[in-house]
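Taking it in order: structure first as structure tokens, then the write-up.
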Amino acid sequence: MTFAKHSLVLYKQAPAQVLELGAKISIHLENGKTIKVREKDIQFLHAGPLKSFGQLHSAPEGNVEDAWELLQGETVALSDVADLIYGETTLAAVWHAWCVLNEDTYFTGSIDEVVARTALDVNAIFAKRSEKEQELTRWQDYLQRVRDNEIVAEDIAQLSDVERIAYGKASVSRTLKALDLEAVPEQAHRLLLKLGLWTETVNPYPSRFGCATTEPDLEVPPLPEEPREDLTALATFAIDDDNCSDPDDAISLDGDTIWVHVADAAALVKPDSPLDLEARSRGANLYIPEQVVHMLPEGVTSILGLGLNDTSPALSFQIGVGEDGAITCLRIIPSWVRVQRLSYSQANDRLDSFSELRALTEVFRIRRLAQGAAQINLPEVKIHTRIDGEVYHLGAPQKLNTDKPTQCTVEIKDLPSLKSRDMVTDAMLMAGEAVARYLIEHDIPAPFVSQPAPDEEATPETMAQMFAYRKKFKRSGLHLEPGMHAGLGLEPYTRATSPLRRYSDLLVHQQLRAFISGTPLISEADMLARMSEAELGGGNTSRAERLSNRHWTLLHMQQHPDKVYRGVVVDKRDDRGVIMLPELAIEVKMRGIAAYELDQELELTLGSINLIELDFSCRIVC
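Throughout the sequence shown, residue numbering follows my numbering, covering 229 to 850 in sequence.
Here it is as structure tokens:
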């Protein structure tokens, strides 16, 4: 086709007017621009003359369907289609015929070869377009119901993308984008609360940190038959918090030595077994106020938990204690023990019967303190929740409006400083040092725990001093090379007394078991990889536990808005500072405290709470 000046051409699916001919063709676009293009960049539509684009805007009267029916089975040029639809081949007729072809409904093909679609194809196209229009209408109606806070049951599926954001499982949400809301967990959480799909009892933090929230469902093998030393004649005690469901350590006194008996987890959980892989991915038990999620199946605890059966299998560490508190690992053996279970308060009531054991642990404690162990006794609490009614969230939808409103009780109890707790803590630390020395002596690759010393050591006495000293410590970590654990005052040190609860302890047990039985050890390279995975899972678990505890503590405060709390000033910078609420073991940042001194007590009431941001404020009672 030879182009002529003022002819109508197609450029990038839009009309254009030819202005000048040459090596390149100058064309004028509908937006007012003039450009030069190659001949192959444009398609001829009509000879014109096209004087203005307004000539194209008024479509002549015509009948597309009649033309479509007449052209069934034929292939014609675009001008023929214009003639059949509009009865003319003017500029406007040809342009609107092109628009009909470009709609791709009744016709398909090119400017030179136009083909009429079959009736079956046309019907399918209309059905699809109708479905899209209906879907768009449904989507707009859904968004309006969300804006108006008037959702219905059919909206649940659409809102699941919002819940994935709230749980930290996704970063894109069509719903939030359409509502001009940022796709972050806090925005999603806020919307779900506003819509009533979540209540304030939904704790999103374990899921946000990738923690498993259901118990592992794996087959548990029977306990292997093997030689075990009979230590059932020793008076052995598992001393734990009230309602402990997984007792995994116990203590005995044997003359002038101490036995620390630990659940023999490695007897059942072999390296790289399904049980091991599951525990490794979890890193640790998840302890949150509403539940405990274990890293190992319940069947493992029922077999190995100390004191859950008449006799229990254990891996027992016999520890010698020198007059100076120095620790020696005398023996590590698989054993049978008979365990009596006590709570810390029960053990505290009968301290006289533990006098010899306490004497050994106190000598050890004196040595730790001489080596720089930190004495930081800031308030600690135990949080427990009881939820009645329906805790509605999208993970288990039942109905939008519950007949039974959720009733949530949050109980917060302080953990008193008991001598029985100190005794058990030191016995477990003894085991940690003794096992670490055994690992070093026998060149066994295993995770050692170390913590750098603060730049300046101190012996804090008041709450404010302890608060300040705690901030000077860096995080402890797992390493293949032993080092100083400054916070505990121990070198070397490993964790070996909670293999049912913490994967790094299980790693130590697996290596000890392999060494004792003469089977291959986990190599240093493999151990490093396992330690890294254990730290990742354990770190995520710790963060989820910390934020979960804060979530429930703030909810407890929200349920008691008029309560007056005792506060202690623990940090101060001019007019700003931090006040500790001991009965809740929580800190609040405050302004307007210039007149108060460190460690001064004052009374506070709740100001405001932002549960989604885990933030709150208090007022000083005048």
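All C-beta atoms, glycine included, are put in the ideal place defined by N, C-alpha and C.
Annotation note: the region 530-596 contains the following uninterrupted alpha helix (DSSP H) runs of length 4 or greater, listed N- to C-terminal: 572-577. Excluding residues up to 5 positions away in sequence, nothing lies with its Cβ nearer than 6 Å to the Cβ of G483 in the same chain.
In this structure, the straight-line span from the alpha carbon of N768 to that of Y433 is close to 10 Å. In this structure, DSSP gives C439 a state outside helix and strand, which the three-state scheme calls coil. One thing to note: I339 has its Cβ within 8 Å of the Cβ of Q271. Taking a contact as a CB-CB distance under 8 Å, the pair L812 and I640 counts as one, their CB atoms being some 6 Å apart.
Taking the CA atoms as reference points, R771 sits about 57 Å from N330. Annotation: the continuous beta strand (DSSP E) that includes G337 extends over F335 to G337. For E709, same chain residues with a beta-carbon under 8 Å away, outside a window of 5 residues either side, are F676 in chain order.
For secondary structure counted as the beta strand (DSSP E) over 3 or more consecutive residues, the region 647-698 holds these complete runs in sequence order: 676-678. When Cβ pairs closer than 8 Å are counted between the two stretches, the region 684-699 is seen not to touch the region 647-657, the count staying below three. Taking C-beta separations shorter than 8 Å and ignoring five residues to either side along the sequence, the partners of N777 in its chain run I516, P517 and I611, following chain order.
Around the beta carbon of T613, 16 or more other beta carbons lie within 10 angstroms, which makes this residue buried.
In this structure, the beta-carbon distance from V792 to E831 falls below 8 Å.
In this structure Q739 is buried. Its beta-carbon is surrounded by 16 or more other beta-carbon atoms within 10 angstroms.
Per the Cβ contact rule, the region 795-805 is not in contact with the region 584-600 (fewer than 3 Cβ pairs under 8 Å). Under a 10 Å Cβ-count criterion, A232 is classified as exposed, with fewer than 16 other Cβ atoms of the shown protein chains found around its own Cβ.
A Cβ-Cβ contact shorter than 8 Å links I555 with E661. Residue burial annotation: V736 is buried, with at least 16 other C-beta atoms found within 10 angstroms of its C-beta.
Counting of Cβ neighbours within 10 angstroms places N838 among the exposed residues, the total staying below 16. Counting only the Cα atoms, L404 lies some 50 Å from G276. Inter-residue distance for E584 and R758 is about 39 Å (C-alpha atoms, whole angstroms).
Within its own chain, the residues whose Cβ lies closer than 6 Å to the Cβ of G835, once the five positions on either side in sequence are excluded, are S845, C846 and R847, listed in chain order.
The beta carbon of L643 sits closer than 7 Å to those of E608, V609 and K610, all from its chain and outside the five residues before and after it, given in chain order. In the structure shown, G717 falls within a coil segment according to DSSP collapsed to helix, strand and coil. Below 8 Å, enough C-beta pairs join the region 569-585 and the region 459-473 to call them touching: three or more. In the DSSP assignment, T613 falls outside any alpha helix (DSSP H) and lies within the beta strand (DSSP E) extending over V609 to D616. The residue from P243, R266, A242 and D469 with its alpha-carbon nearest to that of G250 is R266.
Taken atom to atom, the span from the alpha-carbon of A575 to that of N513 is near 25 Å. In the DSSP assignment, D799 falls outside any alpha helix (DSSP H) and lies within the beta strand (DSSP E) extending over V792 to R801. Pairing V520 with T427, the inter-Cα distance amounts to about 21 Å. For P243, the three-state secondary structure derived from DSSP is strand. By the Cβ criterion, the region 246-261 is not in contact with the region 289-309, since fewer than three pairs of Cβ atoms, one from each stretch, lie closer than 8 Å.
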